[in-house]
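Trainee: Be aware that the sequence shown starts at 0, since it is given in numbering that gives the first Met the number 0, and climbs by one per residue.
No residue lacks a Cβ here, since even glycine has one placed at the ideal position from N, Cα and C.
Since the structure is predicted, the reported quantities are computational estimates derived from the model, not experimental observations.
Would you mind keeping the following structure in view while I ask a few things?
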Amino acid sequence: MNTKLKGKIVAIVGGGPGGLTLARLLQQRGIEVNVYERDVDEHARVQGAPLDLHDDSGIAALQQANLMDEFRQNYMPGADRMQIMDASAHVHFTDHHQKPIEDFGAQHFRPEIDRGVLRTMLVKSLKTDTIVWNSHFVAMQQSGNGWQLQFKNRAGIYADVVIGADGANSKIRPYLTNIGPFYSGITMIEGNIYNASQTAAAISSLLKGGKIMAFGNGYNILMGQKAGDAIGFYLSFNAPDGWVKQHGPDFGDRDAVKNWFVKTYHDWDPIWCQLFQQVDIPLIPRPIYCMPLNQAWPAQTNLTIIGDAAHVMPPFAGEGVNMAMKDALDVCNCLTDDTYETLQQSIAAYERMMRERASAAARESLLNGERMHSATALAHMLAFFAGLQEHALPGA
Ligand SMILES: Cc1cc2nc3c(=O)[nH]c(=O)nc-3n(C[C@H](O)[C@H](O)[C@H](O)COP(=O)(O)OP(=O)(O)OC[C@H]3O[C@@H](n4cnc5c(N)ncnc54)[C@H](O)[C@@H]3O)c2cc1C
């Protein structure tokens, strides 16, 4: 095992769930690895609603990383419980009464974890100084058999093998391919509410510590309980490319966003306006992109990408983080499997698996996105949840 990477310097660029999981897995196998992360330190606030981990991907990676005890201590029991509502906040579906709080080992148990908590858990699992914070990667050049990496705010470093885990706007990806993502036609606006039981009491009671998907006519609200009495929510709707700049409200102005909401979600119950009373500003506009499903590039000898850098996809099947962590698992296993004679063969094997798995997940995510933003979204999602209660549940 590990002979191909023995004595080699491995650099992972990006300390999101994909990069950190990979660092942990490689360290377990005795490989020297550093993670270069642009966040200033581990206390930087991690944005976004909680993440549900799936048995055969996110959970499988944590199992191999020997981190299931930590995960059990840190996940949010009951946060995976779902209510589906209409614009009037009338509940059409709920699984709050029948869904067990804990069901590890069951294929369709999808425990939720706060993004920040997951990051802290992974950071703690690494050897001291594995992560080099405040390292904003900008460019790299071939140097001997490896790469010389440059950062915005610190001296450059040499690495024999580089793995890009730097998310949807990856700066590593262009060294492999010039294939870029396409706009899905859906834009989301992210908001976070802190001390929600006090600052948004009615919404907090509605949420009941779980998740809500509310569907109006092509306009949706998706929200979930976060750690520490916080709520993360997304307004989600069809919008032309460029909508954020050309037509979006001033996302740094709470009242401007609320006024836009009242006008746009005009037939929604006033209870939803409470989302904006104390929402953290600026809200974050997120046009949703997807990599082409048939993307391919020649495998390199010393460079690959994982997670959103490889295959950003819409969040409507809850697969993004799970694919990133499964990539980490697969690339670690391929790089350390001596049945592949060269690093290039290991990378080629990983990239084949990754592409096949990620394009199936992206296809499902695009389809769910289309259905969730159609005129018949509520009926569709009710049928979906009724029919698939025993199968995969989409999460956003
Ligand atoms: C609105 C929205 C909702 C989502 N909801 C879900 C969901 O419910 N479930 C789910 O599974 N997925 C969801 N996703 C997707 C999920 O967030 C991603 O798939 C997942 O975070 C990918 O992990 P990653 O490690 O590949 O990248 P990221 O989480 O993006 O991490 C990349 C890391 O790289 C760092 N970085 C970036 N550029 C540089 C640079 N130049 N130099 C150094 N460091 C850099 C960043 O700071 C970051 O820490 C959602 C995404 C969006 C946009």
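Who are the Cβ neighbours of H265 in its own chain at under 8 Å, not counting the five residues just before and after it?
Mentor: Along the sequence shown, read from residue 1 onward, the residue named residue 265 stands at position 266. Within the same chain, H265 has no close Cβ partners at all.
Trainee: If contacts are defined as beta-carbon pairs under 8 Å, then D94 and M84 qualify, I think. What distance do you get, rounded to the angstrom?
Mentor: On the sequence shown, position 95 is the one that residue 94 refers to. On the sequence shown, position 85 is the one that residue 84 refers to. Rounded, the Cβ-Cβ distance is 13 Å, inconsistent with contact.
Trainee: Note down, one range per segment and in chain order, each beta strand (DSSP E) of at least 3 residues found wholly within the region 190-219.
Mentor: Listed in chain order, they are 210-214.
Trainee: Taking one C-beta from the region 160-178 and one from the region 188-196 each time, how about it: are there three or more such pairs within less than 8 Å?
Mentor: These segments do not touch.
Trainee: Counting beta carbon pairs with one atom in the region 261-280 and one in the region 289-305, are three or more of them shorter than 8 Å?
Mentor: Segments in contact, no.
Trainee: If you drop the 5 nearest sequence neighbours on each side, which residues of the same chain put their C-beta closer than 7 Å to that of D329?
Mentor: Start at 1 with the first residue of the sequence shown, and residue 329 comes out as number 330. Same-chain partners within the cutoff: Y349, M352 and M353.
Trainee: Considering Cα atoms alone, identify which of A158, I304, H107 and E41 is closest to M120.
Mentor: Locating residue 120 in the sequence shown gives position 121, counting from the first residue. Closest option to M120, Cα to Cα, is E41.
Trainee: Please report how far the alpha carbon of T398 lies from the alpha carbon of I30, in whole angstroms.
Mentor: Look at the range of the chain in this structure, 0 to 395, and you will see that residue 398 is not part of it.
Trainee: Could you tell me the alpha carbon to alpha carbon distance between M228 and S56, rounded to whole angstroms?
Mentor: The residue you call residue 228 lines up with position 229 of the sequence shown. The residue you call residue 56 lines up with position 57 of the sequence shown. Strictly speaking, residue 228 in this sequence is Asp, with Met absent from that position. Whole-angstrom Cα-Cα distance: 28 Å.
Trainee: Quick one: any contact between the region 70-80 and the region 124-137, if contact means 3 or more CB pairs under 8 Å?
Mentor: Because the criterion of three Cβ pairs below 8 Å is not met, the region 70-80 and the region 124-137 do not touch.
Trainee: Around the C-beta of Q140, are 16 or more other C-beta atoms found within 10 angstroms, so that it is buried, or is it exposed?
Mentor: Mapped onto the sequence shown, residue 140 falls at position 141. Label assigned to Q140: exposed.
Trainee: Should the region 357-367 be regarded as contacting the region 309-325, the criterion being three or more beta carbon pairs within less than 8 Å?
Mentor: The region 357-367 is in contact with the region 309-325.
Trainee: Less than 7 Å separating the Cβ of N321 from some heavy atom of ligand 2?
Mentor: For ligand 2, the structure offers nothing, since it holds only ligand 1.
Trainee: Assuming L148 is part of the beta strand (DSSP E), what are its boundary residues?
Mentor: Position 149 of the sequence shown, counted from the start, is the residue given in the question as residue 148. Residues G145 to F150.
Trainee: How would you write the range of the alpha helix (DSSP H) that L121 sits in, first residue to last?
Mentor: In the sequence shown, counting from the first residue as 1, residue 121 sits at position 122. Unbroken alpha helix (DSSP H) run through L121: R114 to K123.
Trainee: Is E41 a contact residue of ligand 1, with contact defined as CB to any heavy atom under 7 Å?
Mentor: As a working mapping, residue 41 is identified with position 42 in the sequence shown. Checking every heavy atom of ligand 1 against the Cβ of E41, none is found closer than 7 Å.
Trainee: Grab me the residues of L117's own chain with a C-beta within less than 7 Å of its C-beta, minus the 5 sequence neighbours each way, in chain order.
Mentor: Here residue 117 refers to the residue found at position 118 of the sequence shown. Taken in chain order, the residues that qualify are P16 and L50.
Trainee: Between K325 and ligand 1, is the CB less than 7 Å from at least one heavy atom?
Mentor: In the sequence shown, counting from the first residue as 1, residue 325 sits at position 326. No, the Cβ of K325 stays beyond 7 Å of every heavy atom of ligand 1.
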